[in-house]
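K.L.:
Before we start, here is the structure in question, set down as structure tokens.
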């Protein structure tokens, strides 16, 4: 029996648990005109609802396919004139109510905000009116019913979920508008489709998100590469990096990892300027080829960072090929300002760009690089006038496909900022949070985002940015950061104070539980015994897959309880994100850990043996900003 219903009058309805929509409809938005599904006459034909639209000289065939818990709509141009398709809206009226529902908000690219907040209220970095992209989840606070809405196939459209209030004060019932954003030109006899949209109910938001990640995994079916261990130059050295810095750290890194396979990744600062990626600057006297040979001589693999689609205003590609530069909806050049200065953005669909990308990446691979970290591709999202006319989502996916083809399948491709729909199936690893730095504000923000994107670990290797451990207690350095202005009241970027050793351990525990790549990024030459022991603990205990943030759907700003499976048991992290000492009680049985089968419980950081009381509960206190990570061995 279908949960979603549609009528010949263009009305859509569904009832999933306590979520009920009786007044749903669709809007097709084209340049110059819009079409409401309720104004059309629909006919059921070969399992799909179909209607024909005639508007002036335009002629379209619009269809809607519905299965039990999913739907997909498509538009074909059956006329003799090209049509600019902007959006298709699915309007679900009166679905949720302010303050009575929690909402999971997921923003693209995947270095942007992610988390759970009450509908119509702020929480942390998630604002009350933030849109969610790719997927959203609602939880009814009264009865616990959960509804997930999410895109589940790659298409020409981006999927955006918007709350539409019934009243202007945002304290009311809300419709949920699902916007499928095309902004493309539909040529004669061509068809565009939205992604398949899932509408799934349940009683656990975490479990629904987990299954959602698995559903994407089944779509892509790409061969997964094993997670990697490495060192990256960025967090400590930033753009002020030299060949000597790289090799000095590579030697220490090799001692730290021993016989394990490891990568040395040269981040921003090696290039002459963005867009001129042919050779390294004068800080690398032996050039890229010489540097790679030195890294390989240490028994390590070489990796490189590159921002391939953002080119400095004074780069040769910008001077010689202005026709390949991307433009916005007004026909103006897209210009962004980053740390390197002002940049243009290349159109991934332009033939010049395709030849350029092929040349750059084939050369870097031939030099010997086996890991590629691509970054700043979100600048493409400012474009609206693409050479092939097929729209932003197509351009994003084509951009990463070009790179994958140029470097082949035998290298490790890491995405700095793509969405699931853009990079899934192409990349081996992907960032799931913003940049980490050694400030408490960064730790809090990144922990929230890592928790919110645990499900993406089914699609690629989750990358929690860097494992950084430097502090006054873990390093003999006389400075821990590039020059900065203090921001003690900040909540994110360089916010709060520089971390102490307890906060370092908290961050290291998050990396451990993230279950992804482990990339160091300190000045390894100055780390003392404490610093190296923290690295060793993470390396020995990092999970094979992401832990579940048990209380993700709660009023907590950041989940407190994280539970992950090991080869022979469980790893449980308990975190105190508050500013004062707190008491905690953890009941393993409530997280499906059978204590009768548990042979031992050990505190990872202190090696202390832990026992449950007669009620099967573990009780303890935690100081502010501290954590406890317990290993349950079966």
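Numbering (my numbering), first residue to last: 92 to 725.
Glycine included, C-beta positions come from ideal geometry on N, C-alpha and C.
(1) From the DSSP output, in three-state form, read off residue 603 for me.
(2) Take the Cβ of residue 563 as the centre, count every other Cβ of all protein chains shown within 10 Å, and call the residue buried at 16 or more, exposed below.
(3) Which residues bound the beta strand (DSSP E) around residue 124?
(4) Among 466, 446, 443, which has the Cα closest to the Cα of residue 358?
(5) DSSP three-state label for residue 663, please.
(6) In terms of residue numbering, what span does the alpha helix (DSSP H) encompassing residue 631 cover?
(7) When you compare each of 413, 489, 395, 332 to residue 376 by their alpha carbons, which one comes out closest?
(8) Using three-state DSSP, classify residue 194 as helix, strand or coil.
(9) Which class does residue 252 belong to by DSSP, given the choice of helix, strand or coil?
(10) May I ask you to report which of helix, strand or coil DSSP gives residue 215?
(11) With a floor of 4 residues, list each alpha helix (DSSP H) that falls wholly inside the region 459-502, ordered by position along the chain.
(12) Pull up the distance between the alpha-carbon of residue 200 and that of residue 476, whole angstroms please.
(13) Take residue 99 and list the residues in its own chain whose beta-carbon comes closer than 8 angstroms to its own, dropping the five residues that flank it on each side.
(14) How is the alpha helix (DSSP H) around residue 342 delimited, first residue to last?
(15) Grab me the residues of residue 600's own chain with a C-beta within less than 7 angstroms of its C-beta, minus the 5 sequence neighbours each way, in chain order.
(16) Determine, using beta-carbon pairs with one atom in the region 565-576 and one in the region 218-235, whether at least three such pairs fall under 8 angstroms.
(17) Residue 92 by DSSP, collapsed to three states: which one?
(18) What residues in its chain sit with their C-beta under 6 angstroms from that of residue 108, if we drop five residues either side in the sequence?
(19) Three-state secondary structure (DSSP) at residue 384?
(20) Based on the DSSP output, what are the partners of residue 718 in its beta bridges?
(21) Name, in chain order, the residues that DSSP records as bridge partners for residue 206.
(22) With three or more beta-carbon pairs closer than 8 angstroms as the criterion, would you say the region 494-508 touches the region 422-436?
(23) Which one or two residues does DSSP pair with residue 270 in a beta bridge?
(24) For residue 92, which residues in the same chain have their Cβ closer than 6 angstroms to its Cβ, ignoring the five residues on either side in sequence?
(25) So, with DSSP's three-state summary, where would you put residue 723?
(26) Please identify the residue among 694, 580, 342, 725 whose C-alpha is closest to the C-alpha of residue 385.
(27) Give the single residue among 589, 517, 576 whose Cα lies nearest to the Cα of residue 531.
(28) Between which two residues does the alpha helix (DSSP H) carrying residue 301 extend?
(29) Leaving out the 5 sequence neighbours to the left and right, which residues in its chain are closer than 6 angstroms to residue 287 when beta-carbon positions are compared?
(30) Taking the DSSP output, what are the residues bridged to residue 552?
(31) Exposed or buried, residue 145, counting other C-beta atoms within 10 Å across all chains shown (16 or more means buried)?
(32) On the three-pair Cβ rule with 8 angstroms, is the region 409-429 touching the region 453-472?
(33) Go through its chain and collect everything with a Cβ distance to residue 234's Cβ below 7 angstroms, but skip five positions before and after it.
(34) Just confirm the distance between the C-beta atoms of residue 120 and residue 485, as a whole number of angstroms; I'd bet it's less than 8 angstroms.
(35) Taking a contact to mean a Cβ-Cβ separation below 9 angstroms, would you say residue 700 touches residue 693 in this structure?
(36) Does DSSP put residue 443 in a helix, in a strand, or in coil?
P.N.:
From the atom records:
(1) Assigned with DSSP and collapsed to three states, residue 603 falls in helix.
(2) It is exposed - the Cβ of residue 563 has fewer than 16 other Cβ atoms within 10 Å.
(3) 124-127
(4) 466
(5) strand
(6) First-last of the alpha helix (DSSP H) with residue 631: 620-632.
(7) 332
(8) strand
(9) Look at residue 252 here: in three-state DSSP terms it is strand.
(10) coil
(11) 483-498
(12) 20 angstroms
(13) The residues are 132, 133, 134, 135, 140.
(14) 334-348
(15) 664, 718, 720
(16) Touching, no.
(17) Caution is warranted here: a pLDDT of 49 is assigned to residue 92, below 50, making its placement in the model unreliable, and the coordinate value is therefore given only provisionally. Coil, per DSSP.
(18) Cβ neighbours of residue 108 within its own chain (closer than 6 angstroms, five residues either side excluded): 236, 292.
(19) DSSP places residue 384 in helix when its eight states are reduced to three.
(20) 666
(21) 196
(22) no
(23) 180, 251
(24) Confidence is the limiting factor: at residue 92 the pLDDT is only 49, short of 50, which leaves the residue's position unreliable and the question unanswerable from this model.
(25) strand
(26) 342
(27) 589
(28) 296-311
(29) 161, 163, 243, 244
(30) 520
(31) exposed
(32) Cβ pair count under 8 angstroms is three or more, so yes.
(33) 109
(34) Actually they do not touch by this definition, with Cβ atoms about 18 angstroms apart.
(35) yes
(36) helix
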